[in-house]
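**Q** Residue 63 in my numbering sits at position 33 of the sequence shown, and the numbers go up by one each step.
Virtual Cβ for every residue (Gly too), placed ideally from N, Cα, C.
It should be emphasised that the depicted structure is a prediction, and the values quoted were computed from it without experimental measurement.
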Amino acid sequence: MKIRHQTRWKGLVDQGKTVRVHGGSGSKFVTNGAGLSDAEHRFGIQARLNQVDTDSVLKRHRLWSNHHCRAPTCSSAETLAHVLNHCTPNMVSIRQRHDDALEKIGTQIRTALTRDKSSAELRLNQTVPEYTGAALRLDIVSRDVAAKTVVIADLAITFEDQSSGARHSSLQLS
31 MKIRHQTRWK GLVDQGKTVR VHGGSGSKFV TNGAGLSDAE HRFGIQARLN QVDTDSVLKR
91 HRLWSNHHCR APTCSSAETL AHVLNHCTPN MVSIRQRHDD ALEKIGTQIR TALTRDKSSA
151 ELRLNQTVPE YTGAALRLDI VSRDVAAKTV VIADLAITFE DQSSGARHSS LQLS
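1. Compute the beta-carbon to beta-carbon distance between Ile-187 and His-128, rounded to the nearest angstrom, for a pair I have assumed lies under 8 Å.
2. Have a look at the DSSP bridge pairing and note the partners of Asp-174.
3. Rounding to the nearest angstrom, what Cα-Cα distance links Lys-89 and Ser-95 in this structure?
4. Among the candidates Ser-149, Pro-102 and Asp-85, whose CA atom is the shortest distance from the CA of Arg-173?
5. May I have the straight-line CA-CA distance separating Ala-107 from Leu-132, to the nearest angstrom?
6. Alpha carbons only, please: which of Val-122, Asp-130, Ser-86 and Ile-135 is nearest the one belonging to Ala-111?
7. If distances are taken between C-alpha atoms only, which option among Gly-74, Leu-152, Leu-66 and Arg-72 comes closest to Val-175?
8. Secondary structure at Glu-70, three-state DSSP: helix, strand or coil?
9. Closer than 6 Å by C-beta to Val-180: which residues in its own chain qualify, once you throw out the five before and the five after it? Chain order, please.
10. Please report the straight-line C-alpha distance between Asp-184 and Gln-81, rounded to a whole angstrom.
11. Tell me whether the beta-carbon of Asn-155 lies closer than 9 Å to the beta-carbon of Arg-167.
12. By the DSSP assignment, the alpha helix (DSSP H) with Glu-133 in it spans what residues?
13. Can you tell me where the alpha helix (DSSP H) holding Arg-90 begins and where it ends?
14. Under 7 Å Cβ to Cβ from Cys-104, same chain only, skipping five residues before and after it: list those, please.
15. Would you kindly work out how many angstroms separate the C-alpha atoms of Ala-101 and Lys-134, rounded to a whole number?
16. Classify Thr-109: buried if its beta carbon has 16 or more other beta carbons within 10 angstroms, exposed otherwise.
17. Looking only at C-alpha atoms, which of Thr-157, Lys-178, Lys-32 and Cys-99 sits nearest to Thr-84?
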C-alpha cells in the first residue's frame, strides 16, 4: 500500500520533479546556504518545489482563474521557466542575471590567471579587436598571444524542468 502511494506521489508534477532533482551539486545551497541571503534561500527552496506563486501554480491550486502571464503584452502561460528565462517584458532582468553570473565567473578566471602568472588577456562581453567581420560580443575570450591560443566560451543561464534536460544542456556547452 505504501509503495503504491509513494509511486503515485512521485509521479505528480511537483513532487516527482522534486524527487528527481534533489541531491548533487545543484542542491548544495539547501544545506550550506552558499552565501545566499535569507530571501534568496527561501526563493531557492520554493522554486525547487515549484511553489513560487506564478499564475500557473495559483490556477493549479484553484486560487486563480487563469494561467496567463501578468505582463500586459505577454499571452504565454506564466510558469517559473517563462518568468525567469522567456518573458519579453522581463528581458532586462534576465540579461542582468546573465551579466552578473558572467562577472562572477570572470572574477574567478582573473584570479586564476593572476595566481598562475599567465600572460593571457581576458575579455568579457566584448568584441575581438583584430576581427573585422560582424561585431559579435563574445561572453568570455581568453587570449594568450605568446602561446598563440584563444579560448572562447558562451554562458547560458538555463532553466531545466527535468534533470535529463539539464544534463543535455551542460553537454552542449562543453
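**A** Answer, in terms of the structure:
1. Contact holds; Cβ gap of about 5 Å.
2. When DSSP reads this structure, Asp-174 sits in a beta bridge with Thr-179.
3. Whole-angstrom Cα-Cα distance: 6 Å.
4. The candidate whose alpha carbon is nearest that of Arg-173 is Ser-149.
5. For Ala-107 and Leu-132, the distance between alpha carbons rounds to 29 Å.
6. Checked all of Val-122, Asp-130, Ser-86 and Ile-135; the closest Cα to Ala-111 is Ser-86.
7. Leu-152 is the residue among Gly-74, Leu-152, Leu-66 and Arg-72 whose C-alpha sits nearest the C-alpha of Val-175.
8. In this structure, Glu-70 counts as helix in the three-state DSSP scheme.
9. Arg-173.
10. For the pair Asp-184 and Gln-81, the Cα-to-Cα distance works out to about 31 Å.
11. In this structure, Arg-167 lies closer than 9 Å to Asn-155 by Cβ.
12. Its alpha helix (DSSP H) spans residues 121-145.
13. Following the DSSP letters along the chain, one finds Arg-90 inside the alpha helix (DSSP H) bounded by residues 85-90.
14. Within the same chain, Cys-117, Thr-118 and Pro-119 come within 7 Å of Cys-104 by CB-CB distance, once the 5 residues on both sides are set aside.
15. Ala-101 and Lys-134 have their C-alpha atoms spaced approximately 30 Å apart.
16. Classification of Thr-109: buried, given that the 10 Å Cβ count is 16 or more.
17. Distance from the Cα of Thr-84 is smallest, within the candidate group Thr-157, Lys-178, Lys-32 and Cys-99, for Cys-99.
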